[in-house]
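Asker:
2 protein chains.
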Amino acid sequence: MTEQARPLRRIEIRQQNETLILQAAEKVFAEAGFGGATMQLIADMAGLPKANLHYYFATKEDLYRRVVQNIFEIWLHAADSMDKAPGPVEGIGAYIDAKMEISRRHPDGSKVWASEVMHGAPVIQDYLETTLRDWTTGRAELIRAWIKAGKMAPVDPEHLLYMLWATTQHYADFGHQIETLNGGKPLTNAQWQAAKDSVKSMILRGIGAV
Amino acid sequence: MTEQARPLRRIEIRQQNETLILQAAEKVFAEAGFGGATMQLIADMAGLPKANLHYYFATKEDLYRRVVQNIFEIWLHAADSMDKAPGPVEGIGAYIDAKMEISRRHPDGSKVWASEVMHGAPVIQDYLETTLRDWTTGRAELIRAWIKAGKMAPVDPEHLLYMLWATTQHYADFGHQIETLNGGKPLTNAQWQAAKDSVKSMILRGIGAV
DNA sequence: TCTTTTCCTGACCGTATGGTCAGGTTAAAC
DNA sequence: GTTTAACCTGACCATACGGTCAGGAAAAGA
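Protein sequence lines correspond, in order, to chains A and B.
Heads up: the first sequence runs through residues -2 to 207, numbered per the working numbering.
Heads up: the second sequence runs through residues -2 to 207, numbered per the working numbering.
(1) Who are the Cβ neighbours of B/D105 in its own chain at under 7 Å, not counting the five residues just before and after it?
(2) What is the residue span of the alpha helix (DSSP H) that A/P154 lies within?
(3) Pull up the CB-CB distance for B/L161 and B/I99, whole angstroms please, since I reckon it's below 8 Å.
(4) Quick check: the Cα distance between A/R11 and A/L17, rounded to an integer number of angstroms?
(5) Whose Cβ in chain B lies nearer than 7 Å to the Cβ of A/L38?
(6) Using beta-carbon positions only, say whether B/A206 and B/V86 come within less than 9 Å of one another.
(7) Contact criterion: CB-CB distance below 9 Å. Does B/T185 meet it with respect to chain A?
(8) So, helix, strand or coil for A/Q1, using DSSP?
(9) Please compile the residues from chain A whose C-beta is within a distance smaller than 9 Å of the C-beta of B/D170.
(10) Which of the three DSSP states, helix, strand or coil, is assigned to B/T128?
(11) Compute the Euclidean distance between the alpha carbons of B/H173 and A/L73, then round it to the nearest angstrom.
(12) Anyone know if the C-beta pair for A/L139 and A/G88 falls short of 9 Å?
(13) Would you list, in chain order, the members of the region 5 to 36 of chain B that have their beta-carbon closer than 8 Å to a beta-carbon of chain A?
(14) Please state whether DSSP places B/R101 in a helix, a strand or coil.
(15) So is the beta-carbon of A/G135 under 8 Å away from any non-hydrogen atom of the ligand MG?
(16) Return the chain-ordered list of same chain residues with a C-beta closer than 7 Å to the C-beta of A/Y53, the five sequence neighbours on each side being excluded.
(17) Work out the CA separation of B/K47 and B/Q66 for me, nearest whole Å.
(18) Within its chain, find whatever has a CB closer than 8 Å to the CB of A/A76; leave out the 5 residues flanking it on each side and keep chain order.
(19) Measure the alpha-carbon distance for B/M149 versus A/D194 and round it to whole angstroms.
(20) Look up A/I18 in the DSSP assignment and say whether it is helix, strand or coil.
(21) Contact between the region 164 to 184 of chain A and the region 118 to 131 of chain B: three or more CB pairs below 8 Å?
(22) Which class does A/V64 belong to by DSSP, given the choice of helix, strand or coil?
(23) Whose C-beta lies closer than 6 Å to the C-beta of B/W110 among residues of the same chain, with five residues either side of it excluded?
(24) If you drop the 5 nearest sequence neighbours on each side, which residues of the same chain put their C-beta closer than 7 Å to that of A/K57?
(25) Helix, strand or coil for B/N186, going by three-state DSSP, please let me know.
(26) Let me make sure I understand the geometry here. Which of A/Q166, A/A21, A/G33, A/K145 has the alpha-carbon closest to that of A/L45?
(27) Does chain B have any CB closer than 9 Å to the CB of A/W189?
(28) Give the residues of chain A in contact with B/T133, contact being defined as C-beta atoms less than 7 Å apart.
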């Protein structure tokens, strides 16, 4: 016998379906890219008729935009731990931890983000020019302060940030390659921990902060 | 007056057109992804009628496969400099130089490769499992030998390689983001040199090889 | 010169896709 | 209980895409 569920309230319905669609969309966009993704595939994965997607999201591009924005939020919040740190060992160490955790928990989101930027950021360009640029200059200053205080070597802050982004996101974006080189098996808990430790020790030593 | 050119020979025609098509395809696949690219767009960019593409390449997927294989070749040859080096400073330094140069000269190729891997390597999976795996284990052994000889710190060779790939390719795959953060302007010669130097110094110090 | 082979392309085809819409169902408001 | 507004969806449409093909042009070979 199927359970006799209480009928869902309006707001619940809306939220549940939007979440369902966004999750399915993230996966399909990550696997197929924007051009290769189809509304039908997303609908099937969400378990909803295609027309219903268009009730919640007017166009494929609207849906895609929402997916990208969601990822951007997560991306930005990863830096919170960096700010209130006394020095690079704690700050950058925590940032690496946070970004590695994102790569592990949200690999699809990371891929969609990478794809969006690779294709010239057609929908997120304004964020790059405002939010991301502000974010970057802010952290660069923080790093410069650490350098001035003698807490790390005088490296170029921008290139350090690029290195942090590249290295951590690689574990999501190129996860398939890593898995293949790992004998076709996903990284275990221990291997993820080893990856984190490797990245942290190499980068922290690389910026002279040990 | 247009120049009165000698009629092209068969082989020349074939080679010229294939090159033209492959160059256009690389660009379009990089900009739009496999799903977003259209044969018409590639044809227009190559200055040939669409039907002519299908004369040289049976299907869109065939054309794509050729593009990906071309990139893989370049990718592999970048490591030649690493092998005959006496130690990590020269070997890894040269490898970083080579890969940064690829990011600069072949950003489209790098993007196509990234896209292919991100989508689960549908056409290049066998290469990952054979050529790339062999390549990787070979370099990992080389790195272990350097460690054993006391020429660098005992880092995990696999994660070091991932870091090298990630960091260098970032300048191609996320070139648009870097350009945006650089005030909307492409990196100058001097900035590329600074990027190379930054990456090299951070990584070489990070593996204790200075 | 004549024949053969390769190269070339406008016109065409079947299919898949993003998006629409009329009409129905269900929760909320009164 | 009745009305209203939100939610839902099967059927449909216009378009764009990958791919085909018949027939012509041009180079190579005899």
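Beta carbons: idealized from backbone N, C-alpha and C, even for Gly.
For clarity, every value in this text was computed on a predicted model and none was experimentally measured.
Answerer: In short:
(1) Taking the first residue of the second sequence as position 1, residue 105 of chain B is located at position 108. Cβ within range, chain order: E23, K24, A27.
(2) On the first sequence, position 157 is the one that residue 154 of chain A refers to. Counting along the chain, the alpha helix (DSSP H) containing A/P154 begins and ends at 154 to 170.
(3) Against the second sequence, residue 161 of chain B aligns to sequence position 164. Against the second sequence, residue 99 of chain B aligns to sequence position 102. Not really, about 12 Å apart at Cβ, beyond 8 Å.
(4) Residue mapping note: residue 11 of chain A aligns to position 14 of the first sequence, counting from 1. Residue mapping note: residue 17 of chain A aligns to position 20 of the first sequence, counting from 1. Distance between the alpha carbons of A/R11 and A/L17 is about 10 Å.
(5) Position 41 of the first sequence, counted from the first residue, corresponds to residue 38 of chain A. Within 7 Å Cβ-Cβ: nothing; A/L38 doesn't reach chain B, min ~11 Å.
(6) One-based indexing of the second sequence puts residue 206 of chain B at position 209. One-based indexing of the second sequence puts residue 86 of chain B at position 89. Against a cut-off of 9 Å, the Cβ pair of B/V86 and B/A206 comes out as a contact.
(7) Taking the second sequence and counting its residues from 1, one reaches residue 185 of chain B at position 188. No, no contact with chain A.
(8) Taking the first residue of the first sequence as 1, we reach residue 1 of chain A at position 4. The predicted position of A/Q1 is uncertain, since its pLDDT is 43 and thus under 50; no value can be drawn from it.
(9) Position 173 of the second sequence, counted from the first residue, corresponds to residue 170 of chain B. Result: A111, V114, M115, A163, D170.
(10) Start at 1 with the first residue of the second sequence, and residue 128 of chain B comes out as number 131. If DSSP states are grouped into helix, strand and coil, B/T128 belongs with the helices.
(11) Locating residue 173 of chain B in the second sequence gives position 176, where the first residue counts as 1. Locating residue 73 of chain A in the first sequence gives position 76, where the first residue counts as 1. Spanning the two alpha carbons is a distance of roughly 18 Å.
(12) Counted from its first residue, the first sequence places residue 139 of chain A at position 142. Counted from its first residue, the first sequence places residue 88 of chain A at position 91. A contact, by the Cβ cut-off of 9 Å.
(13) A27, E28, A29, G30, F31, G32, G33, A34
(14) As a first step, residue 101 of chain B must be located in the second sequence, where it is residue number 104. If DSSP states are grouped into helix, strand and coil, B/R101 belongs with the helices.
(15) This structure lacks the ligand MG; in fact it carries no ligand of any kind.
(16) Position 56 of the first sequence holds residue 53 of chain A. So the qualifying residues of the chain are N14, E15, I18.
(17) The count along the second sequence starts at 1 and reaches residue 66 of chain B at position 69. The count along the second sequence starts at 1 and reaches residue 47 of chain B at position 50. C-alpha separation (whole angstroms): 22 Å.
(18) Numbered from its first residue, the first sequence carries residue 76 of chain A at position 79. The answer, listed in chain order, is Y92, A95, W132, R136.
(19) Here residue 149 of chain B is taken as the residue at index 152 of the second sequence, counted from 1. Here residue 194 of chain A is taken as the residue at index 197 of the first sequence, counted from 1. Their backbone Cα atoms lie some 17 Å apart in a straight line.
(20) The residue given as residue 18 of chain A occupies position 21 in the first sequence. A/I18 falls in the helix class under three-state DSSP.
(21) yes
(22) For the purposes of this step, residue 64 of chain A is taken as the residue at position 67 of the first sequence. Of the three classes helix, strand and coil, the one that applies to A/V64 here is helix, per DSSP.
(23) To locate residue 110 of chain B, count along the second sequence from 1; it is residue 113. Cβ neighbours of B/W110 beyond the five flanking positions: I68.
(24) To locate residue 57 of chain A, count along the first sequence from 1; it is residue 60. Contacts found: M36.
(25) Taking the second sequence and counting its residues from 1, one reaches residue 186 of chain B at position 189. Note: B/N186 maps to helix in three-state DSSP.
(26) The count along the first sequence starts at 1 and reaches residue 45 of chain A at position 48. When each option's Cα is compared against that of A/L45, the closest is A/A21.
(27) For the purposes of this step, residue 189 of chain A is identified with residue 192 of the first sequence, where counting begins at 1. By this cut-off, A/W189 is not an interface position.
(28) If you number the second sequence from 1, residue 133 of chain B lands on position 136. Within 7 Å Cβ-Cβ: L178.
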